[in-house]
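In this note's numbering, the protein residues as written are 2 to 315.
What follows is the structure, encoded as structure tokens:
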């Protein structure tokens, strides 16, 4: 466990990082699940992202083998995960949401895949919804369209009957669970904290691919996802950061004619379509959040918006 579970030559050390925000109960459920895995060599870091309405100390009380870190302010998904990286000693880093539970043997296939192919820079497991028996959330991604800045989760909503138990290259990574070699992070840098929430893992995957690595999906590994319990679905908060991240991703990762086409698609299709859909639902609060995100991208044109991922400082 954090105690660097006994060193094994055949089981390289995995540093596990999860972020807590006002959900210590869920984090404890995750850790209770995680401590039952069969992989023998890991350390666990829980980063409390300055939770204002929570008592993260119960995490340490219930799981003393965990390293509990506390940030002085909410750093978002990327910043919270990045905060633990200077202290990670593992050959691999597992970034995993605290609203997940894992199968006992989920980690071995991921590690074995990275051990067998040094060209793989990231891998995500098969993801099922926790509250819907054997219903898939993720079995890989289609390639990103750099015009619409959208991709689609393969297998989404399908009954899991083993049809996606294969292992293959995929369009992007799934942020709820991803295993990354430390040497890749040291080479490419950490997740860009400018995103705060949503799209940061896709931006990161884009940088990893640009460095010559492949992104993989491993269907023989299974994680159960309780969906987002720290954000409310279709809330102004979610719409704001989803929209801000989507536009920012396009700005950072499209070039030449694709950037022009992406800009045209955004202005003449995405903006009017989404605005109209929220108005028809009588949700002016979502319209406001949506256009606030557009405004953020208009007013932030330089500096951190285009910074490359930062390297780990130990």
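Heads up, the beta-carbon is just placed ideally off N, CA and C, and yes, glycines get one too.
If you're wondering where the values come from, they're calculated on a predicted model, not measured in any experiment.
Could you name the residues of the same chain whose beta carbon sits closer than 6 Å to that of residue i, not counting the 5 residues immediately before and after it, in chain order?
| i | result |
| --- | --- |
| residue 17 | 43, 45, 95 |
| residue 207 | 254 |
| residue 317 | Past the boundaries of the shown model lies residue 317; the chain is included only from 2 to 315, so the question cannot be answered. |
Identify, in the order they occur along the chain, each residue of the same chain with its Cβ nearer than 8 Å to the Cβ of residue i, setting aside the five sequence neighbours on each side.
| i | result |
| --- | --- |
| residue 230 | Reliability fails at residue 230, whose pLDDT of 49 lies under 50, so the model's placement of it is uncertain and the value that follows must be treated cautiously. Answer for residue 230: 24, 27, 100, listed in chain order. |
| residue 212 | 122, 185, 188, 189 |
| residue 288 | 276, 279, 280 |
Are residue i and residue j close, meaning C-beta to C-beta below 9 Å?
| i | j | result |
| --- | --- | --- |
| residue 187 | residue 280 | no |
| residue 115 | residue 39 | no |
| residue 93 | residue 198 | no |
| residue 129 | residue 226 | yes |
| residue 175 | residue 145 | no |
| residue 34 | residue 110 | no |
| residue 241 | residue 291 | yes |
| residue 307 | residue 252 | yes |
| residue 224 | residue 97 | yes |
| residue 118 | residue 194 | no |
| residue 32 | residue 63 | yes |
Specify, as a first and last residue, the run of the beta strand (DSSP E) that residue i falls within.
| i | result |
| --- | --- |
| residue 87 | Taken as a continuous stretch (DSSP letters only), residue 87 belongs to no beta strand (DSSP E), as it is neither H nor E. |
| residue 225 | 215 to 226 |
| residue 136 | Residue 136 -> no beta strand (DSSP E), and no H or E assigned at all. |
| residue 102 | 101 to 103 |
| residue 122 | 121 to 130 |
| residue 236 | Neither: residue 236 is in no beta strand (DSSP E) and is coded neither H nor E. |
| residue 21 | 15 to 21 |
Out of curiosity, what's the CA-to-CA distance linking residue i and residue j?
| i | j | result |
| --- | --- | --- |
| residue 49 | residue 157 | 30 Å |
| residue 155 | residue 218 | 11 Å |
| residue 30 | residue 132 | 14 Å |
| residue 271 | residue 192 | 26 Å |
| residue 294 | residue 138 | 26 Å |
| residue 78 | residue 163 | 31 Å |
| residue 125 | residue 180 | 6 Å |
| residue 58 | residue 235 | 31 Å |
| residue 372 | residue 76 | This structure leaves residue 372 out entirely; the chain is present only between 2 and 315. |
| residue 105 | residue 245 | 37 Å |
| residue 90 | residue 296 | 41 Å |
| residue 127 | residue 69 | 28 Å |
| residue 19 | residue 73 | 17 Å |
In its own chain, which residues sit with a C-beta less than 7 Å from the C-beta of residue i, not counting the 5 before and 5 after it?
| i | result |
| --- | --- |
| residue 167 | 220 |
| residue 52 | 21, 22, 23 |
| residue 215 | 120, 121, 122, 170 |
| residue 250 | 150, 200, 203, 204 |
| residue 266 | 148, 149 |
The ligand PLP and residue i: does any heavy atom of the ligand fall closer than 8 Å to the residue's C-beta?
| i | result |
| --- | --- |
| residue 211 | Ligands displayed in this structure: none; no statement on the ligand PLP is therefore possible. |
Quick one: give me the first and last residue of the alpha helix (DSSP H) that residue i is part of.
| i | result |
| --- | --- |
| residue 114 | 108 to 117 |
| residue 183 | 183 to 189 |
| residue 345 | A query on residue 345 cannot be resolved here, the shown segment of the chain reaching from 2 to 315 and no further. |
Taking only runs that begin and end inside the segment 274 to 310, name each unbroken alpha helix (DSSP H) of 4 or more residues, in chain order. If one requires a minimum length of 4 residues, the alpha helix (DSSP H) runs lying completely within the segment 274 to 310 are 285 to 300, in chain order.
Ranges of the beta strand (DSSP E) found wholly within the segment 52 to 76, counting only runs of at least 3: Taking only runs of at least 3 residues, the beta strand (DSSP E) segments lying wholly in the segment 52 to 76 are 68 to 71.
Report the residue ranges of all alpha helix (DSSP H) runs contained in full by the segment 244 to 277; include only those spanning at least 4 residues, in chain order. Fully enclosed alpha helix (DSSP H) runs of 4 or longer: 257 to 266.
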